[in-house]
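Chains as they are written, first to last, in my numbering: chain A, 95 to 325; chain B, 95 to 325.
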């Protein structure tokens, strides 16, 4: 698989890029600024080769739209204030068959409010806004909202379940398989894309725990048969 | 402590009643129908004495308002369609200093919709609606939304964290201490009452998991220092 991470120079995007590269995936991080992307990619490869021995060319860096063009899976990890604008810029290069993963959380911090509160999005969630803004035939999947950027950027296992929501069952299955490449992660079928409303908001709650207790919180779903984590 | 569970004849209320009675608390379950409450209480005591050996008088049953009058902690576990009406009936008997715990989830099932979706509540959450409807001086705490009724009614440990939200820190602390009396439960400070918006909605997500995977799901928050579960 080839994976483009839009907003890949940020903490969540960088963390995901490192994790997928370590798992042997071909990763391109995107930025509005091509040079910034190239530099960040080089830095991630260097960090990776020191720590977990990633071969240097495993992560490339490009301007967002060119990163997007090559990828089978595009992952969006921009702050919510850049969400709609980024999608409008990507629209001309997105093509049917691509999987578009939205990890965006509409935190009130985007408009100067608190990171422990969310904004109401007219469509219901950032992911549903995405579904409205991508070309027809692009499969929108919501995932990776609740994984701590700090933990993703570390070397240790990620003590968090990834809840995957989509109206495209095949695309969701591929994203669950991808999520499971991150050590520690279990991936779960979160149902329809509309359920991203809840999964996105959980992040605001987790940020509150982090502030109150100086942690890097995540969540695990309990009480399900083992099969639920394997589908 | 004396605990009244309003809507205590339902599955969540019954489950909480059994758990608190087993922990040695004095529990009264309330119902609109006094006789129904008495019968259910007797049944719970009988079940309890067979399984976990609760002495017979540990759970009493009364009409909702009289159950409420005696209690230091009142726990509301009615379906959302009965939420506002129940609160209006309880208002004359609630008194300053009481702790009012709301476990209600505004599921769309209340108006004939799905249990995997929630209704928008004008105040933001069922718990915030409660804060508007109780007399001044009553401390409103949101908790016990995510604990499976089926698991609470069983004999085994409850594999779930209870996230407690309130604007009254002392009351929240007491409710966390109460929650920890249920074997397996860890209780966490979920911040202000407004965060009940998120905690309530998580239940709809968990119901979705239960339907898809035939489980009784709960959740655990990871990545926090041990102290977070002890405060």
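Glycine residues also receive a C-beta, built at the ideal position from the N, C-alpha and C atoms.
State the DSSP-derived secondary structure class of residue i, mapped to helix, strand or coil.
i: residue 70 of chain B; result: Nothing in the structure corresponds to residue 70 of chain B, since chain B is present only between 95 and 325.
i: residue 314 of chain B; result: strand
i: residue 124 of chain A; result: strand
i: residue 325 of chain A; result: coil
i: residue 133 of chain B; result: helix
i: residue 320 of chain B; result: helix
What are the start and end residues of the alpha helix (DSSP H) that includes residue i?
i: residue 107 of chain B; result: 105-116
i: residue 295 of chain B; result: 290-307
Counting along the chain, where does the beta strand (DSSP E) carrying residue i start and finish?
i: residue 98 of chain B; result: 96-100
Starting from residue i, find everything on chain A with Cβ-Cβ shorter than 8 Å and list it in chain order.
i: residue 302 of chain B; result: 284, 285, 289
i: residue 245 of chain B; result: 317
i: residue 242 of chain B; result: 317
i: residue 272 of chain B; result: None at all; the shortest Cβ gap to chain A is about 20 Å.
By the criterion of Cβ-Cβ separation under 9 Å, what are the contact partners of residue i in chain B?
i: residue 319 of chain A; result: 307, 308, 309
Starting from residue i, find everything on chain B with Cβ-Cβ shorter than 7 Å and list it in chain order.
i: residue 254 of chain A; result: 316
i: residue 312 of chain A; result: 316, 317
i: residue 213 of chain A; result: Near residue 213 of chain A there are no residues of chain B at all, since even the closest Cβ is about 13 Å away, more than 7 Å.
i: residue 110 of chain A; result: In chain order: nothing, as chain B lies at least about 17 Å away.
Taking Cβ-Cβ distances shorter than 7 Å, what residues in chain A pair up with residue i?
i: residue 248 of chain B; result: Per Cβ cutoff of 7 Å: no residues; residue 248 of chain B is ~11 Å from chain A at best.
i: residue 296 of chain B; result: 292, 296
i: residue 227 of chain B; result: Per Cβ cutoff of 7 Å: no residues; residue 227 of chain B is ~23 Å from chain A at best.
i: residue 188 of chain B; result: Those do not exist, as residue 188 of chain B stays about 28 Å from chain A at its closest Cβ, beyond 7 Å.
I want to verify the contact list: residues of chain B whose CB lies under 8 Å from the CB of residue i, in sequence order.
i: residue 322 of chain A; result: 303, 306, 307, 309
i: residue 210 of chain A; result: 285, 289
Determine the chain A residues that contact residue i at a beta-carbon separation under 9 Å, and present them in chain order.
i: residue 204 of chain B; result: Result: empty, since nearest Cβ-Cβ is about 17 Å, beyond 9 Å.
i: residue 201 of chain B; result: What residue 201 of chain B touches in chain A: nothing, since even the nearest Cβ is about 12 Å away.
i: residue 181 of chain B; result: Neighbours of residue 181 of chain B on chain A: none; closest Cβ ~25 Å, over 9 Å.
i: residue 141 of chain B; result: None at all; the shortest Cβ gap to chain A is about 22 Å.
i: residue 138 of chain B; result: Within 9 Å Cβ-Cβ: nothing; residue 138 of chain B doesn't reach chain A, min ~23 Å.
Does any heavy atom of the ligand HEM sit closer than 8 Å to the C-beta of residue i?
i: residue 303 of chain A; result: Although the ligand HEM was asked about, the structure shown includes no ligands whatsoever.
With 9 Å as the threshold, decide whether the Cβ of residue i is near any Cβ in chain E.
i: residue 96 of chain A; result: No chain E appears in this structure, whose protein chains are A and B.
Sequence ranges, beta strand (DSSP E) only - wholly within the region 228-285 of chain A, length at least 3: Those beta strand (DSSP E) runs which fall completely within the region 228-285 of chain A and span 3+ residues are 233-236, 255-260, 280-283.
Whole runs of the alpha helix (DSSP H) within the region 145-226 of chain A, excluding any shorter than 4 residues: Under the rule that a run must span 4 or more residues, the alpha helix (DSSP H) segments found entirely inside the region 145-226 of chain A read 158-164, 177-184.
Touch test, the region 168-175 of chain B against the region 193-207 of chain B, Cβ-Cβ under 8 Å, three pairs minimum: A contact between stretches requires three or more CB pairs, one per stretch, nearer than 8 Å, and the region 168-175 of chain B meets this requirement with the region 193-207 of chain B.
The region 200-212 of chain B contacting the region 243-257 of chain B, beta-carbon criterion three pairs below 8 Å: Counting C-beta pairs with one atom in each stretch, the region 200-212 of chain B and the region 243-257 of chain B have fewer than three that are closer than 8 Å, which means they do not touch.
The region 312-324 of chain A touching the region 301-314 of chain B, judged by at least three CB pairs closer than 8 Å: The region 312-324 of chain A makes contact with the region 301-314 of chain B: 3 or more CB pairs, one atom from each, lie closer than 8 Å.
Stretch-stretch touch, CB-based, cutoff 8 Å, three pairs: the region 151-171 of chain A with the region 126-136 of chain A: Taking 8 Å as the limit for Cβ pairs, the verdict is that the region 126-136 of chain A does touch the region 151-171 of chain A.
Touch test, the region 286-297 of chain A against the region 234-242 of chain A, Cβ-Cβ under 8 Å, three pairs minimum: Output reads yes: the region 234-242 of chain A touches the region 286-297 of chain A.
The region 272-279 of chain A touching the region 113-122 of chain A, judged by at least three CB pairs closer than 8 Å: Yes: the two stretches touch, three or more of their Cβ pairs being nearer than 8 Å.
Segment contact flag, the region 260-269 of chain A with the region 173-189 of chain B, C-beta cutoff 8 Å, min 3 pairs: Inter-segment contact for the region 260-269 of chain A and the region 173-189 of chain B is absent: fewer than three beta-carbon pairs are separated by less than 8 Å.
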